[in-house]
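In full-length UniProt numbering, the protein residues as written are 1 to 1228. Ideal Cβ placement from N, Cα and C applies to all residues, glycine included. Because the structure is a prediction, the values reported are computed rather than measured. Here's the structure, in structure tokens; my notes come after.
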Amino acid sequence: MQVGRKLSMNIPSVSSWSNLSEISDASVEDIENRTEDEISSLTKSILNSAHSDFRTTILNGKLGSDLISKSLGDSSFDVRHAALSYACASLSSDEVSESDKEKIFVSFSKYFEENADTCSVRESDLLRAGLACLFCYFSGCYSEKDPKRQAAFHKIVLVMDTLRDEGCILVGKSLAILVRSVSYETASELCELSMRSSLDCSKSLQRRRSAAAITSAIIKGLGQTCALRMTMVDNLRNIFNDENGEIAQLACGFNLYSSVCMIAGRSFEPFMFEFSPLIFCAFSNASAEVRDSARIAQASIASSLHNNTITFITPALVQGLTHKSWQNKVRSLVFMGDLSTRAPGFFKRSIPDIFGPLLECVFDTHPKVSASALSILRPICESVTNAELLGMLDLILLAIQYPQNKTEECLDKLMETTFVNSMDAPSLAIILPIILRGLRERAKELKQKAATTCGNICALVDDTRDLLPFISILLPELNKCEEHSHPDLRKCAVKAKESLLKGLDDQNLKGGKSSSSYICDALEASSIKIDPVVLTHVARVGGWMLTVAPLRMPPNILSQDICRELFSILEDSLDYALIEKVAEDAVLAYKGLEASSLNDAAPKDYIVELEGIILAFAGRVLLQRTDFVLERGHTYGIVGQNGTGKTTLLNRVAKKDISNFPQDVSVYYIQHEILSEKQETVLDFMLSSVPDSVSREIIQKTLFNVGFDETKMNGSIQSLSGGWRMKLAIARAMLWDADVLLLDEPTNHLDADAVAWLIDYLKSLTGTTICLVSHDYDFLSEVLSDVIHISEKSLVYYPMKFREFQSLKPEIVAALPSPSNAIMKEGSINSKNESTSTKQEINFAIDNIDASHIKPVIFPVPGNLEGVKSRSKVVMYMKEVSFRYPGAESPILKSATVKITQNSRVAIIGMNGAGKTTLMKLLIGELKADEGIGEVWVHHNLRLAYIAQHSMHHLEESVNNTPLEYLQNRFYQGRDREIAKRSSHNLSKEEFAISRERGNICEVVGRQERGKHLFYECRRSGRDDHDTDWEMLTSLERKDEYVMKMVRNFDEKLKAMQSGMDLRPLTKEEVRMHLENFGIDEDLAMGKIKRMSGGQKSRLVLAAAMWINPHVIALDEPTNYLDNDTLAALTNALALFKGGVIMISHNDAFVNKLCNETWLVGNGVVNIQAIAGKAKGMSVADRRALKKGLDAEEADLKEVQNNSKKTAAERKAEKERIKKSKAPIKFK
């Protein structure tokens, strides 16, 4: 017998079920008062004792008085187990001589003769039972036919008559090893006699229970060949089926059933489930003795259940839950709750069958039933393994308890959740009531959400067999939805039905060949002869294991599992090798495989190996039943079309919440550059962001290696450019030293030198597994060792460098998103629109674009700017401006002079940290130039749209709103709330308090142009509302900073009035039409922002920025994080835009396509250069200035400030002055 290959598959013990005496007649003396440390200390002292001391005690006739003997009667199971293990090891030592064995045998016999009285307390019961078990073990060392072994058997049988129920159970399990020492006739006679005593109502309860234990021990010892087992089963059937039988007889039957379950174990298992429904419905019996016996019988079932047979108790549970008596319902609920806590991984397979009756109990009218059901609802739901459902379990439970209020919210959450774990039958059962509730509602919107959710969830099912239990429930409701009058609901219902019925052929629907039949066929082919009842049970167990095994489980592993399970039932009648052959044949037939498939695969050095993962986001399945594997030390690049789930996959890997992800593997994710806005130095930030074990010196050295000098280390994070912040993020990742490093678009914001450094760094990480996403093909070709292509919801692996992959699959690479491909798409957009009409050109319509291919972006017409009659006129400029960040040693910009017109197409370029973003922020007013150095001027009515590097981050505050609601909230009352949040516009609490001090300016209420100057009407605190002052702008600029914030806010208000924003209705239709111009259709506009992809969010940011009809657009790194189609649409929209454009970009193709001028920033200097082939001709104003002998640049700046609207009198006076200053005009 190959005992070493057996596995213990029993359910872990629970205190309330491990002790039958506690269930039947527990007393105060049984309560444990010691701490865990005290018990642990006692256990260690037992195990550390000398074996010779214990043997000496026995040889001296002092058995029962020593520490080890007393510990056998301890109330703690751990102590008893340690003592018995120690004692068995002591008596089986090679140091025990034959003469000592004889003395030990005599000592045990003498002890039992001297202690033949009935045990009255638990301690003595456990002590005597422990010594009896030890005596059984010691006697088992003799040969099977040795007289001493036979004498020990009879001695233990007599001892069992003196034990209570718990002691009888313990000894009965040990007695089974001595049964074969007596003749079959003797054992059978004793078994029959004990069986009659156990069912004799005239006997005492203790005598009946000891007789039942003896009966069970003999049946277990004789095994499958024992004919008396069937006699006992027949007796139990007669008792349980006799409706007119005595109540006491029923209690006797329950007691015998309990003993044989506990002692005979798996040899009785084929019959245990036959009687279990009766047990679960006996708690409403009028007899207290029957109810007590039923409780013990139910506890014995729980302790006898094995993991792979838990599902077979489901019919009894359902019968108890649906019984009319509340007592039976409560006991079934308690049993079910404890079982789900003890073995959740195996119990969950019963959830599809028991969840419906459980919900009926939740809403039961009896308070005890509903309270019990609610108390176990959470632990039962927590037994499912889907991480996403567990994350929203609170909402699911609320939706189950309060369906009228929480169903829609729960459906919304299910639609918005990113799923990375597949759905199985237990997970489907948990959310089925919510989906059904939605499908049965009257409202079309709720029905549609439920149908959509149903389709999405069914699409996540890995094993289509898991859908079978739900088809008959969901299909009729979906058929009703398919007949609904609304086409959208009908469409959703059709999709849901396709997902529900996917992969299911007629054979599946009809049931096909049962899995248990494969076990039966294999047993018959092997010519094994076993009892028909046992054969049926063995086939059920093996068939169940075939059914629930994962589809991708290797056949050799599955056959080993089935073999071990069947052997534990049939071990006394069959050889292990024979059962192993049966299991292998059944698995091969079930899977349709050849015998060669049982060979073990070669080991692989995978740091991550996940089979059959799924990925779903915003109601859309991105990956379905595909493997995700990462080999140690490799660098993987994930490529695929936009929206296929590249970034979403990295997010889930970073969180390690994919089912079976190895938790001991450390993962670090560089998602974007550092976004901290705290007032802290780079070094302080790093000290708080890396492991505590990393010293300050190591941090400084790492920062130095990345490129930070002392000045930058001690400078603030706010002074860092996007490129330097990305370097800081990489430095932080270096110090975490993770097993797996994830990077999403790491070259964003990096200049060429920084990209080269990053390539060298990644190549140096030979022991780290790297997985990254990037659209920079040159970068990928340098660093990748493997390519993962996302295609058709699967991960396809190419163990080769990117250039090799490009050569092998040129058609794939050509279709992948990249900036250069986006520019090519933009060219095709333009070619499609060359024939558009004049009206279409004015409105920037791009009607010829195939909406299914690239949704266009259509910028609005800027409109006229007061006093500016030509688009070539300067509308904003900087002159001799310098700027130094606080704490910096030198200014980042010195004497910078630039200008912008509505014809401008400017790209600000330069190295990381050169000051590109600083220059842009100074120009648009987000930063203020150093006091007294230079001048920044912006036309007072200029409308400017600024899209920063991280413009999508402010959407995070509104992810639960729809795009329509976002625009309505942002531009409420005609004002852009995002502009109002800027530091240049938003008054701090201190500034607001100063404005309320008496005599200070508290509000700007008007503006006038008087000649060449602007005057603002100001109201002061402490004065009447009509008592105002008019002050010149130059005067206001010299006052406190808060005054200019009020001026800027008032200017924004006037801009809104001039652009019509204050009058533009924020109605649903108006906003929807505006969003449609940016490729956001009605479905997206009415859905929540968090369901949108990255490209769709980018379009929403553009739409919000363009609501004001700007004259100039400023974009900081606009190509970062844009998908291919959005970049193509943006490029086309900017090319057609009738206003000015300023951008910062490292994308040469994007810059060359759109811009005609670059501002090269470096060493604090701004050099203006025309792009080759796009140099502008000299303007009329420049030629006029040149003719006058003036500097064209200076004349431009002067002209724009003087280009103010004059009164009729001023224009007449100017004409007269010019006429007098000129000589008479002569004509030839």
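Which of the three DSSP states is assigned to Ile892 in this structure? DSSP places Ile892 in coil when its eight states are reduced to three.
Could you give the DSSP three-state label for Ala286: helix, strand or coil? Correct three-state label for Ala286: coil.
Can you tell me which of the three DSSP states Val235 falls into? The question names Val, yet the displayed sequence has Asn at residue 235. Reduced to three states, the DSSP call for Asn235 is helix.
Per DSSP, which residues does Cys771 bridge with? Please list them. Partner(s): Tyr636, Leu742.
Report the rounded CA-to-CA distance for His484 versus Leu964, giving the unit in angstroms. Going from the Cα of His484 to the Cα of Leu964 covers about 28 Å.
Inter-residue Cα distance where the pair is Gly885 and Lys712: Position check: residue 885 holds Tyr in this sequence, whereas Gly was assumed. Take the alpha-carbon of Tyr885 and the one of Lys712: they are about 12 Å apart.
Short of 7 Å in beta carbon distance, which residues of its chain neighbour Asp585, apart from the five on each side in sequence? Order them along the chain. Excluding sequence positions up to five before and after Asp585, its CB lies within less than 7 Å of the CB of Ala522, Ala525, all in the same chain and listed in chain order.
Would you call the region 556-571 and the region 339-347 touching, i.e. three or more CB-CB distances under 8 Å? Because the criterion of three Cβ pairs below 8 Å is not met, the region 556-571 and the region 339-347 do not touch.
Considering only the alpha carbon of each residue, which of Glu38, Ser71, Ser97, Thr35 lies closest to Thr56? Ranked by Cα distance from Thr56, the first of Glu38, Ser71, Ser97, Thr35 is Ser97.
For Leu623 and Val755, the rounded distance between their alpha carbons: Distance between the alpha carbons of Val755 and Leu623: 31 Å.
Please name the residue or residues paired with Asp789 in a DSSP beta bridge. With the sequence shown as reference, residue 789 is identified as His, and Asp is not the correct amino acid for it. As computed with DSSP, His789 is found in a beta bridge with Val639, Val796.
What is the rounded straight-line gap between the Cα of Gly1087 and the Cα of Ser517? Between the alpha carbons of Gly1087 and Ser517 lies a distance of about 50 Å.
How many Å lie between Ala914 and Trp1159 at the Cα? For Ala914 and Trp1159, the distance between alpha carbons rounds to 12 Å.
Collapsed DSSP secondary structure at Ser882 in the structure displayed: Residue state, collapsed to three classes: strand.
For a test of your reading of the model: does the CB of Glu123 fall under 8 Å from any non-hydrogen atom of the ligand ATP? Yes or no. For the structure depicted, the ligand ATP is absent and the ligand set is empty, with no information on it obtainable.
Residue 1237 classed as buried or exposed, judged by whether at least 16 other C-beta atoms fall within 10 angstroms: Residue 1237 lies beyond the range of the chain shown here (1 to 1228); nothing can be said about it.
The alpha helix (DSSP H) enclosing residue 1305, as first and last residue numbers: This structure does not reach residue 1305, given that the chain is present from 1 up to 1228, and the question cannot be answered.
I'd like to know whether the C-beta atoms of Gly1162 and Met911 end up nearer to each other than 9 Å. Yes, Cβ-Cβ distance for Gly1162 and Met911 is below 9 Å.
Compute the Euclidean distance between the alpha carbons of Arg781 and Gly1140, then round it to the nearest angstrom. A quick correction: the sequence has Ser, not Arg, at residue 781. Linking Ser781 to Gly1140 through their CA atoms gives a straight-line distance of about 37 Å.
Does the distance from the CB of Ile908 to the CB of Ile613 come in under 9 Å? In this structure, Ile613 does not lie closer than 9 Å to Ile908 by Cβ.
CB of Thr231 within 9 Å of CB of Met272, strictly: Not closer than 9 Å, so no.
Figure out for me which residue from Tyr402, Ser181, Ile68, Lys879 has the closest Cα to the Cα of Ser49. Of Tyr402, Ser181, Ile68, Lys879, the residue nearest in Cα terms is Ile68.
Check each candidate in Asp751, Leu630, Asp739 and name the one with the smallest Cα separation from Val667. With distances taken between Cα atoms, Val667 lies closest to Asp739.
If you reduce the DSSP assignment to three classes, tell me which class Glu114 lands in. Glu114: helix per DSSP, three-state reduction.
Ignore the nearest five residues each way along the sequence and tell me which others in Val787's own chain have a CB closer than 7 Å to its CB. Only Gly637, Val639, Tyr798, Met800, Phe802, Phe805 meet the Cβ criterion.
Let's test the definition: count the other Cβ atoms within 10 Å of the Cβ of Leu546 and tell me whether it reaches 16, buried, or not, exposed. Leu546 should be labelled buried.
Measuring alpha carbon to alpha carbon, tell me which of His775, Asp776, Tyr142, Met734 ends up nearest Leu762. Taking only the C-alpha atoms, the option nearest Leu762 is Met734.
First and last residue of the beta strand (DSSP E) that includes His1013? His1013 -> beta strand (DSSP E) spans 1013-1020.
Within 9 Å of any Cβ in chain B, is that where the Cβ of Asn642 sits? Chain labels in this structure do not include chain B; a single protein chain is all it has.
Are three or more beta carbon pairs between the region 1016-1035 and the region 967-978 nearer than 8 Å? Too few Cβ pairs lie closer than 8 Å, so no.
Which value, in whole angstroms, describes the spacing of the CA atoms of Leu478 and Leu393? Take the alpha-carbon of Leu478 and the one of Leu393: they are about 25 Å apart.
Counted within 10 angstroms of its Cβ, other Cβ atoms place Asn1132 as buried (16 or more) or exposed: With 16 or more other Cβ atoms within 10 Å, it is buried.
To the nearest angstrom, how far is the alpha carbon of Gln298 from that of Ile219? Cα to Cα, Gln298 sits roughly 21 Å from Ile219.
Ser988 - DSSP class collapsed to helix/strand/coil: For Ser988, the three-state secondary structure derived from DSSP is coil.
Can you check which of these residues, Thr215, Ile380, Leu131, Ile169, is closest to Leu72 by C-alpha distance? Nearest option by C-alpha distance: Leu131.
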